[in-house]
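S.K.:
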Amino acid sequence: MSRLHPRYFSSSVSSLADELLSEFQHHLGSGTLSPQLAHQLFDGLLRQPVPVSARALNGLFAALARTPPSTTCADGPARAIDLFNRMARAGRRRRVIAPTSHTYSILIECCCLARRPDLGPSFFAHLLKTGVTADVVIFSGLFKCLCDMKRTEEALDVLLHRVPHDLSNVISYSVIVKSLCDNGRSQLALDLLRIMAKKGADHSPNVVSYNMVIDGFFKEGETSKACNLLQEMVQQGVVPDVVMYSSIIDALCKARAMDKAEVFLRQMVHDGVQPNTVIYTSLINGYSTL
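This is the structure in structure tokens:
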């Protein structure tokens with residue numbers, strides 16, 4: 001793996017801190033950052049008389065979050081969480097780097113990536129305690145954690161009744177829409193889509209949001225609801241893409257509704273969407289079972 005771009009690390013701190021950041025960068029990029037070495041380098045940063053910038057800290061955590069597993073660093077997101085907790089403990093004894101809203105958004109995402117969604121609400125509570133203002137990305141991450149913990153109802157309640165209008169968007173809603181559909185509650189997901197449509201602007205459902213619910217209805221055997229929702233989506237001005245058509249045609253073929261599958265095939269061609277191999281394979285398999 002090539003070394004990470006140096007822009008993720010600040011050059012505005014002391015030369016020793018720069019050296020520590022550079023060494024951290026090197027070992028992370030080369031896949032040689034063991035837990036012991038990570039602690040040693042990070043503790044060295046925390047001991048600097050001038051705290052490392054929040055930008056450098058965020059870059060370090062973001063790099064860990066997307067680092068592929070290696071023999072020495074099997075779980076980068078979990079390592080980021082560990083280092084933040086180490087920093088928080090050190091902060092009780094001395095002045096250290098002050099985390100920002102971006103820091104918390106990265107860490108909450110790490111909770112999902114590390115398969116520890118239970119830690120997400122704890123980081124959110126820590127954010128509130130420190131006085132950092134939550135933003136739309138943080139709330140979306142919190143909803144993802146709650147949904148991964150099978151607490152979708154709680155996430156929905158927070159979204160609808162506790163989050164200011166300007167701190168939610170289509171992504172926030174879509175996280176919950178997906179969780180509802182994954183748990184066989186596509187009708188409630190449809191109700192949420194319609195709430196989104198009424199809010200408009202950044203909340204308006206997009207083709208991805210609609211596809212989640214349409215796919216959910218097909219999985220629940222609600223073929224008519226799925227097809228009706230497609231028409232409703234088009235009336236809302238959302239144009240189906242090849243992914244949506246693939247999902248619909250595949251579901252209809254599996255249900256042996258080949259006449260309806262052909263209707264949608266003709267519709268997608270009329271709309272200028274080119275059929276792909278997935279669609280042709282679904283049609284071939286569908287006809288072979290008749």
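Going by the UniProt record's numbering, the sequence shown runs without a break in its numbering and finishes at 290.
Even for Gly, the Cβ is constructed at its ideal location relative to N, Cα and C.
Would you call residue 102 buried or exposed, if buried means 16 or more other Cβ atoms sit within 10 Å of its Cβ?
M.R.: Burial call: buried.
S.K.: Measuring straight from C-alpha to C-alpha, what distance separates residue 9 and residue 48?
M.R.: Residue confidence for residue 9 is low, a pLDDT of 43 falling below 50, so the modelled location carries little weight and cannot support an answer.
S.K.: Please return the same chain residues whose Cβ sits closer than 7 Å to the Cβ of residue 117, not counting the five positions on each side in sequence.
M.R.: The answer, listed in chain order, is 111, 145, 148 and 149.
S.K.: Which value, in whole angstroms, describes the spacing of the CA atoms of residue 189 and residue 91?
M.R.: 43 Å
S.K.: Taking the C-alpha atoms as reference points, what is the distance between residue 166 and residue 136?
M.R.: 8 Å
S.K.: Any idea what DSSP makes of residue 278, helix, strand or coil?
M.R.: helix
S.K.: For residue 197, which residues of its own chain have a beta-carbon under 7 Å away from its beta-carbon, when the five flanking residues on both sides are left out?
M.R.: 204, 205 and 236
S.K.: Apply the 10 Å Cβ neighbour rule to residue 7 and answer buried if 16 or more other Cβ atoms are within range, or exposed otherwise.
M.R.: A caution first: residue 7 carries a pLDDT of 46, below 50, which makes its placement in the model unreliable, though a value can still be read off. It is exposed - the Cβ of residue 7 has fewer than 16 other Cβ atoms within 10 Å.
S.K.: Once you ignore the five residues that flank residue 279 on each side, which residues in its own chain have a CB closer than 6 Å to its CB?
M.R.: 246 and 249
S.K.: Assuming residue 77 is part of the alpha helix (DSSP H), what are its boundary residues?
M.R.: 76-90
S.K.: What three-state label does DSSP hand residue 144 in the structure shown?
M.R.: helix
S.K.: Tell me which residues share the same chain as residue 226 and place their Cβ nearer than 6 Å to its Cβ, disregarding the 5 neighbours each side in the sequence.
M.R.: Taking residue 226 as the centre and dropping the five residues before and after it, the same chain places the C-beta of 214, 217 and 218 closer than 6 Å to its C-beta, in chain order.
S.K.: Consult DSSP for residue 149 and reduce its assignment to one of helix, strand or coil.
M.R.: coil
S.K.: So, helix, strand or coil for residue 283, using DSSP?
M.R.: helix
S.K.: With distance defined between alpha-carbon atoms, name the residue in 76, 130 and 234 nearest to residue 106.
M.R.: Comparing Cα-Cα distances from residue 106 to each of 76, 130 and 234, the minimum goes to 76.
S.K.: If you pair each beta-carbon of the region 114-128 with each one of the region 157-166, do three or more pairs fall below 8 Å?
M.R.: no
S.K.: Do the region 27-34 and the region 48-57 touch if we need at least three Cβ pairs shorter than 8 Å?
M.R.: no
S.K.: Return yes when the Cβ of residue 251 is within less than 8 Å of the Cβ of residue 286, no when it is not.
M.R.: In this structure, residue 286 lies away from residue 251, with their beta-carbon atoms at least 8 Å apart.
S.K.: Below 8 Å between beta carbons: does that hold for residue 83 and residue 114?
M.R.: no
S.K.: What is the residue span of the alpha helix (DSSP H) that residue 121 lies within?
M.R.: 120-130
S.K.: Do you know whose CA, among 131, 73 and 104, lies nearest residue 141's CA?
M.R.: 104
S.K.: Pick from 210, 42 and 127: whose alpha carbon is nearest that of residue 60?
M.R.: 42
S.K.: Quick one: using the 10 Å Cβ neighbour count with 16 as the cut-off for buried, is residue 2 buried or exposed?
M.R.: With a pLDDT of 41 at residue 2, under the threshold of 50, the modelled position of that residue is not reliable, and the figure given next carries that caveat. Exposed is the call here.
S.K.: Quick check: what's the CA-CA separation for residue 208 versus residue 234?
M.R.: 13 Å
S.K.: Would DSSP call residue 48 helix, strand or coil?
M.R.: coil
S.K.: Given a cut-off of 8 Å on the beta-carbon distance, is the pair residue 65 and residue 98 in contact?
M.R.: no
S.K.: Which of the three DSSP states, helix, strand or coil, is assigned to residue 202?
M.R.: In the structure shown, residue 202 sits in a helix (DSSP, three-state: H, G or I).
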